[in-house]
Structures are given as structure tokens and as C-alpha cells.
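Numbering (my numbering), first residue to last: 37 to 207.
Below: the structure, in C-alpha cells.
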């Protein structure tokens with residue numbers, strides 16, 4: 037039986053690798069070119085995805101959300117200088133998530149989440165993983181739009197394409 041939170045996280049990893057691979061094919065300046073969009077540059081969008089992924093990893097690992105948010109705020113504005121740095125950063129975090137998954141016996145386990153923006157709510161680990169994936173999909177869409185605004189084609193990274201890909205390799 038498919039474990040859908042893990043399957044969706046594998047999709048998230050693949051989709052991040054796919055869009056980063058596309059950006060790597062383009063001139064290095066694409067990362068830092070200014071664009072009128074949700075983020076000032078593609079690098080800012082990638083840093084935001086990574087910062088939020090890191091924050092949720094901390095929450096899933098037992099850190100209270102307010103503390104995790106504070107710990108990851110600096111990552112949101114830490115713009116890396118190359119696509120390779122983003123590839124390595126995302127790969128390392130995916131590796132940590134995969135290690136976390138290996139130690140989970142019940143992804144339907146709930147925790148009391150103290151979200152500083154929305155309040156306290158009982159939330160399952162699987163819901164949080166699905167949120168990480170959804171958040172990444174949303175902002176990869178921003179990156180695709182930004183690439184088009186800069187005169188470059190993006191690349192398909194939909195879940196339906198992932199179905200036809202080789203499984204994501206564990207790190």
C-alpha cells in the first residue's frame with residue numbers, strides 16, 4: 037500500500053530537483069535577475085521554499101513552531117550565489133526528511149501545533165508533510181512564472197509527470 041505523505045514528499049524532492057535542473061541549464065545570472073513578481077529574484081523564491089521546508093522539518097522533529105519559525109527566518113533572506121548551492125542545500129534537507137521518515141511509525145499521530153499566524157490546532161504529521169509539498173508546489177509555480185517573465189521556458193514538474201519518472205533515489 038502506498039504511503040501517500042511519503043510519496044508526496046518524494047514528488048516534492050523530485051519537483052525541486054527538476055526545476056533546479058532547468059535553472060542550471062540557464063545563464064547563472066538568472067538567479068539574481070530582478071523580476072516583478074512575488075519575490076524580487078528566483079534566488080529569493082528558492083530561499084523561501086528552503087526556509088519553510090526547514091522550519092517544518094524542525095516542527096516535525098519536535099521543535100515548537102514559534103521557535104522553528106524564529107530559527108529559520110534568517111534562511112528566508114539568505115540568497116545563495118549558485119544553482120549548485122541550492123541543489124546541495126535542498127538535497128541535504130531532503131536527506132534529513134528521509135531519515136526522519138524512516139523513524140516514524142505513525143504519520144497520523146497528532147501534535148498540538150502553535151502556529152504564530154493562525155493559533156493552536158491539533159494537526160497530524162501527515163498533514164504537515166502534505167503542507168510542505170503544497171507550499172513547494174505553489175512557489176515552484178512562482179519560479180516558473182518568473183522564468184517566463186525573464187524570457188526562459190520553465191519545465192513541467194507536475195505530480196502527474198512524476199508518476200512516470202524513476203523513483204527518487206534515497207541519499
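C-beta atoms are modelled at their ideal positions from N, C-alpha and C, and glycine is treated no differently.
Since the structure is predicted, the reported quantities are computational estimates derived from the model, not experimental observations.
Boundaries of the alpha helix (DSSP H) in which residue i is found, first to last residue
i: residue 52; result: 40–60
i: residue 182; result: 161–185
i: residue 105; result: 101–113
i: residue 84; result: 78–96
Alpha-carbon spacing of residue i relative to residue j, whole angstroms
i: residue 122; j: residue 158; result: 33 Å
i: residue 47; j: residue 169; result: 8 Å
i: residue 55; j: residue 95; result: 26 Å
i: residue 42; j: residue 137; result: 7 Å
i: residue 193; j: residue 106; result: 31 Å
i: residue 38; j: residue 200; result: 16 Å
First through last residue of the beta strand (DSSP E) which encompasses residue i
i: residue 148; result: 146–151
Identity of the residues DSSP links to residue i by a beta bridge
i: residue 155; result: 151
i: residue 68; result: DSSP, once it has assigned bridges, lists no residue as partnering residue 68.
Contact under 7 Å by Cβ, residue i with residue j
i: residue 171; j: residue 88; result: yes
i: residue 78; j: residue 165; result: no
How do the region 139–158 and the region 108–123 stand: do at least 3 beta-carbon pairs fall below 8 Å, yes or no? Contact fails: fewer than three Cβ-Cβ distances are below 8 Å.
Counting Cβ pairs, one atom from each stretch, are 3 or more of them under 8 Å apart for the region 99–110 and the region 134–145? The region 99–110 makes no contact with the region 134–145: fewer than 3 CB pairs, one atom from each, lie closer than 8 Å.
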